[in-house]
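Encoded as structure tokens, the structure appears first; notes follow it.
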Amino acid sequence: MTVLTDNVYEGLFIFDANKFARDHNALPEAVEQEITSAGGEVLVSRLWEERRLAYPIRGQRKGAYWLMYFRLGGDQVSPLNRKCELNDTLLRHLVIKIHPRLVEPILSHAQAPAAE
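Remember, the numbering used here sits 954 above the position in the sequence shown when you count from 1.
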């Protein structure tokens, strides 16, 4: 019998900067809702930066980079990726599993206030 445990993942989501400017909270909250509805828990969620893209994606030249760390069952990552692909406010996304030994230092760094 295989028991799946929840892993910690890092997700980088690039939102359409125009839609993000209209409502800073709604777009990330929609992704957070997808994670929690899949049985996950969002640990850290914050804006990384808004910047010019290296090349246009769907005609957009700017994107809002949103960084999330979340706990989720391994069998729920693929459905989450599919939902992100279908989300028209997301230009790109990447979800990677964090090695268990690195979870604590990465989360403590991500939760620290940004240096000005």
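For glycine and all other residues, C-beta sits at the position ideal for the given N, C-alpha and C.
Since the structure is predicted, the reported quantities are computational estimates derived from the model, not experimental observations.
Check	Outcome
Out of V1031, R1046, L1061, R976, which has the shortest C-alpha to C-alpha gap to S991?	V1031
Do V985 and I1052 have their C-beta atoms closer together than 8 Å?	no
Going by DSSP, what residue range makes up the alpha helix (DSSP H) through N961?	First-last for N961: 960-970, but that is the beta strand (DSSP E), not the alpha helix (DSSP H).
How about E988 and K1037: do their beta carbons lie closer than 8 Å?	yes
Under 8 Å, do F974 and A1008 count as touching if we go by C-beta distance?	no
Should T956 go down as buried or exposed, given a rule of 16 or more other Cβ atoms within 10 Å for buried?	Residue confidence for T956 is low, a pLDDT of 46 falling below 50, so the modelled location carries little weight; the figure read from the coordinates is stated next. Exposed, by the Cβ-count rule.
Between G993, W1020, H1063, A1064, which lies nearest to W1002 when the distance is taken from Cα to Cα?	W1020
Where do the N-terminal and C-terminal ends of the beta strand (DSSP E) with R1000 fall, by residue?	995-1011
If you run the structure through DSSP and keep just helix, strand and coil, what is A1018?	strand
Per the DSSP calculation, G1027 is bridged to which residue(s)?	D960
Where does N972 land, buried or exposed, given buried means 16+ other C-beta within 10 angstroms?	exposed
So what's H978 in DSSP terms, helix, strand or just coil?	coil
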